[in-house]
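Novice:
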Amino acid sequence: MSETSSETEPPSSGPPGYGLTFPSRELARLAREVIDRGGIFQLQAVGTSMMPMIRDGDDIFIGRPGTGGPQIGEILFTETASEVVRIHRLIRKTRTRSDQGRAHSAGAAYITKGDNSVGSDEPVPAAGVIGRMVGLEREGHRQQYSRLDIRLAMRILGHLEAWAEPIAASQAPGRGSLIARGCRSLLFLKLRFVRAYLMRSGWSRI
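Right under this line is the structure:
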């Protein structure tokens, strides 16, 4: 875990994985403390749900959400009601609902999804958003997310992931399956193209 006063310039070094030795609730608390003071929280990726964008062992830097709140395509650090912490991509915005099924007046909620996952996660209320990923380090190189082309590509990828999710889940042939398969193939081709662009762009040697 490291702190810095800049949201878009993560520190060049720090103890990888610090904080991952804590329970999820403690990890979330520590991250909130750092980010609320304007700092950057550093942790090490564990797992493959965000492959190929984030690999197991990558150093991740989490900062505050932008002034307009979380945006589609951004990679969010969230905590669920059951105290599960995730670093997944935002693909949809929705509203939380009361027990009577009515949307709250200020009940914004966010649906995330791992790039390497088939289905999306349960909605997380605004209070569950700890921060957003602002940088990534891998094998002596750093990727920044402040560049306009990177932000635009991430926005496009978030929308593509949202559109692709129900298509990937539904494999029923039905009528017009040839057209459906063609549209599906085109969508996933676009997904691969945008992912490849993000994997190549924005890197610099530390």
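In terms of the numbering used here, the sequence shown is residues -5 to 200. Glycine residues also receive a C-beta, built at the ideal position from the N, C-alpha and C atoms.
#1: Between which two residues does the beta strand (DSSP E) harbouring Glu131 extend?
#2: Look at Glu68 and Leu84 and say whether their C-beta atoms are less than 8 Å apart.
#3: Ordered along the chain, which non-local residues of its own chain (more than five positions away) have a Cβ less than 7 Å from that of Arg26?
#4: Name the DSSP beta bridge partners of Tyr104, please?
#5: If we require 4 or more residues per run, which alpha helix (DSSP H) segments fall completely within the region 8 to 58?
#6: Ignore the nearest five residues each way along the sequence and tell me which others in Ile150's own chain have a CB closer than 6 Å to its CB.
#7: Can you tell me whether DSSP reads Arg141 as helix, strand or coil?
#8: Tell me, to the nearest whole angstrom, how far the beta carbon of Gly57 is from that of Val128; I am working on the premise that it is less than 8 Å.
#9: Have a look at Arg178, Arg141, His135 and flag the residue whose alpha-carbon is nearest the alpha-carbon of Asp53.
#10: Measuring CA to CA, which of Met148, Ser179, Ser198, Phe35 is closest to Ala190?
#11: Using only the alpha-carbon positions, how far apart do His153 and Ser195 sit?
Specialist: Judging by the given coordinates:
#1: Counting from one through the sequence shown, the residue named residue 131 turns up at place 137. From DSSP, the beta strand (DSSP E) with Glu131 extends over 123 to 132.
#2: Here residue 68 refers to the residue found at position 74 of the sequence shown. Here residue 84 refers to the residue found at position 90 of the sequence shown. The answer is yes: Cβ separation under 8 Å.
#3: By 1-based counting over the sequence shown, the position of residue 26 is 32. So the list reads Ile124, once near-sequence residues are dropped.
#4: For the purposes of this step, residue 104 is taken as the residue at position 110 of the sequence shown. Lys87, Val118.
#5: DSSP runs (the alpha helix (DSSP H)) wholly in the region 8 to 58: 18 to 30.
#6: Walking along the sequence shown from the start, residue 150 turns up at place 156. So the qualifying residues of the chain are Val188.
#7: In the sequence shown, residue 141 corresponds to position 147, counting from 1. Here Arg141 sits in coil by DSSP.
#8: Against the sequence shown, residue 57 aligns to sequence position 63. Against the sequence shown, residue 128 aligns to sequence position 134. With 8 Å as the limit, Gly57 and Val128 qualify as a contact, their Cβ atoms being about 4 Å apart.
#9: Here residue 53 is taken as the residue at index 59 of the sequence shown, counted from 1. Ranking the options by Cα distance to Asp53, first place goes to His135.
#10: Here the question's residue 190 lines up with position 196 in the sequence shown. The residue with the shortest Cα to Cα distance from Ala190 is Met148.
#11: Counted from its first residue, the sequence shown places residue 153 at position 159. Counted from its first residue, the sequence shown places residue 195 at position 201. Taking the straight line joining both Cα atoms gives about 19 Å.
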